[in-house]
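Right, one structure below, let's go through it.
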Amino acid sequence: MESSNNNNEDMVVTPWEVKGKVDYERLIRDFGTQSITPELLKKVEKITGKLHPQLKRHIFFSHRDLDTVLNLYDKGTKFVLYTGRGPSGPVHIGHLIPWIFTLHLQKKFGVRLYFQMTDDEKFLIDDKIDLQDTKKYSYENALDLIALGFKPEDTFIIYDVEDIDLLYDIALEVAKRITYSTAKASFGFKDNTNIGWIFWPAIQAVPCFIHKKLTGENLPALIPAAIDQDPYWRVTRDIAQKLGYFKPAQIHCRFLPGLGTGGKMSASKPETSIFTHDKPEIVKRKIWNAYTGGKPTAAEQRKTGANPSICSIYQYFFYLFEEDDKKLDVRLNKCRKGEILCGECKKELVQRLNMFLREHQEKREKAKDVIEQYHIKR
Ligand code: TYM
-19 MESSNNNNED MVVTPWEVKG KVDYERLIRD FGTQSITPEL LKKVEKITGK LHPQLKRHIF
41 FSHRDLDTVL NLYDKGTKFV LYTGRGPSGP VHIGHLIPWI FTLHLQKKFG VRLYFQMTDD
101 EKFLIDDKID LQDTKKYSYE NALDLIALGF KPEDTFIIYD VEDIDLLYDI ALEVAKRITY
161 STAKASFGFK DNTNIGWIFW PAIQAVPCFI HKKLTGENLP ALIPAAIDQD PYWRVTRDIA
221 QKLGYFKPAQ IHCRFLPGLG TGGKMSASKP ETSIFTHDKP EIVKRKIWNA YTGGKPTAAE
281 QRKTGANPSI CSIYQYFFYL FEEDDKKLDV RLNKCRKGEI LCGECKKELV QRLNMFLREH
341 QEKREKAKDV IEQYHIKR
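Structure below.
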């Protein structure tokens, strides 16, 4: 489904393409989701204690039924977490945003995570990728997930192609209840769309419901992801209750921007993306070439200040690399007043990113010894 907007004619947000300047308020209206209100944040805070920066900063900004899931939780009904990855290449730090938040929720609520590797999805939608590629990236991307600190007791990775026997009966139940006209309206399928892709959304629905099959326990699923995945949940929510399940709930985040002049971080633009495997000198080069809100000369910037609201470097501090609100504010104000130059912010960001990546890469290596423990069991 395309969400276009009169002011931003070229905004496109689908599970397969994000283009143009994203208007998040508009997406809430177009997709029919709910804003995360201050009252809802208070409710989360009551259960989890201090709010996670991604909630406090409104990086997670929209939801469906988060209030319902929290009310049920209050009354003693747990939930399961569900998120995933389409393994078509290496992981970039934008992908880590929802995963880091998922880990936080898992720790605070003490719940299971089902994580879907959609090797089949990427094979079907991308002509240049074969099943060997998606299998290889499934393995590589799972290492990134594990490196973040998920525990094997509570984390169940599903590799679609390998685990299709586990998914197929539920996928059929789902597929039977979604008409072609609904799928076409939700996903924009055309006459030349291959028929594998048309059926495929039923597969992404399955982990919303799989907990019951595995344990006998009927629990709602809460899905943290960027807002691009929402069309899947719209069709899944329509049929959930017909099949005797809870409607899956969602919590949606914004996109970590790329290092260029706009748009989300995307693996298809490697020079403006930071991949988890990037070496320090590559990170340095990418950050030094990044777009900022700076002025053409240092003298001019000192005199008139810069514009952090359009600066990709500032966004990295905001999204991931400055948890301290006061320090973030100081940076913002200094930037506006011209008391700090872009080179200083870039230098600091390179240091923080490289420290984060060095640790991540070490943990990723260690994950190779334990990856099998995370594979979903029958
Ligand atoms: P994929 O591989 O496109 O993206 C994986 C996750 O990363 C989010 N994401 C981002 N978040 C913040 N900033 C960005 N720049 C950014 N780019 C991507 C995506 O929203 C997603 O949460 N079909 C899915 C795989 C999947 C899935 C799921 C995702 C299967 N089941 C359940 C979320 C929840 C896909 O191709 O994701």
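Under my numbering, the sequence shown is numbered contiguously, ending at residue 358. Built from N, CA and C at the ideal position, the CB exists for glycine as well. Predicted model only: the values in this text are computed from it and were never measured.
Please say whether residue j and residue i have beta carbons closer to each other than 8 Å?
| i | j | result |
| --- | --- | --- |
| R44 | Q230 | yes |
| I39 | I77 | yes |
| F95 | I138 | yes |
| L61 | R92 | yes |
| S360 | R234 | The shown model of the chain, from -19 to 358, leaves out residue 360, and the question about it has no answer. |
| T272 | I254 | no |
| H340 | A127 | yes |
| V186 | L236 | no |
| D143 | I356 | yes |
| G64 | M97 | yes |
| V141 | A182 | no |
| F189 | L152 | no |
| I320 | R311 | yes |
| D134 | Q86 | yes |
| L21 | L31 | yes |
| L359 | I267 | No information on residue 359 is available, as it lies outside the stretch -19 to 358 that the chain covers here. |
| W180 | E101 | yes |
Going by DSSP, what residues sit across from residue i in a beta bridge?
| i | result |
| --- | --- |
| S246 | Per DSSP, none; premise fails for S246. |
| R44 | Q230 |
| S15 | S42 |
| H355 | I137 |
| K(-1) | V(-8) |
| F255 | H72 |
| P237 | K244 |
- Task: Let me have the residue list for the ligand TYM: C-beta closer than 6 Å to any non-hydrogen atom, ordered along the chain.
- Result: P(-5), Y62, T63, G64, R65, G66, G74, H75, I77, P78, Q96, T98, E101, Q184, I203, A205, A206, D208, Q209, C233, F235, L236, K244 and M245
- Whole beta strand (DSSP E) elements within the stretch 54 to 142, 3-residue minimum: 60 to 65, 93 to 97 and 135 to 139
- Query: Are the stretch 97 to 114 and the stretch 196 to 210 touching by the rule of at least three beta carbon pairs closer than 8 Å?
  - Reply: no
- Query: Does the count of Cβ pairs from the stretch 269 to 287 and the stretch 212 to 223 closer than 8 Å reach three?
  - Reply: no
- With a floor of 4 residues, list each alpha helix (DSSP H) that falls wholly inside the stretch 149 to 224, ordered by position along the chain. 160 to 167, 175 to 179, 181 to 185, 190 to 195 and 210 to 220
- Query: Is the stretch 307 to 320 touching the stretch 279 to 291, taking contact as three or more C-beta pairs under 8 Å?
  - Reply: yes
- Query: Are the stretch 41 to 56 and the stretch 8 to 15 touching by the rule of at least three beta carbon pairs closer than 8 Å?
  - Reply: yes
- Item | Meets three-Cβ-pair contact criterion under 8 Å: the stretch 56 to 71 and the stretch 114 to 126 | yes
- Counting pairs of Cβ atoms below 8 Å between the stretch 243 to 259 and the stretch 322 to 332, do you hit three or more? no
- Return the chain-ordered ranges of every alpha helix (DSSP H) run that is complete within the stretch 303 to 347 and spans a minimum of 4 residues. 305 to 317 and 322 to 347
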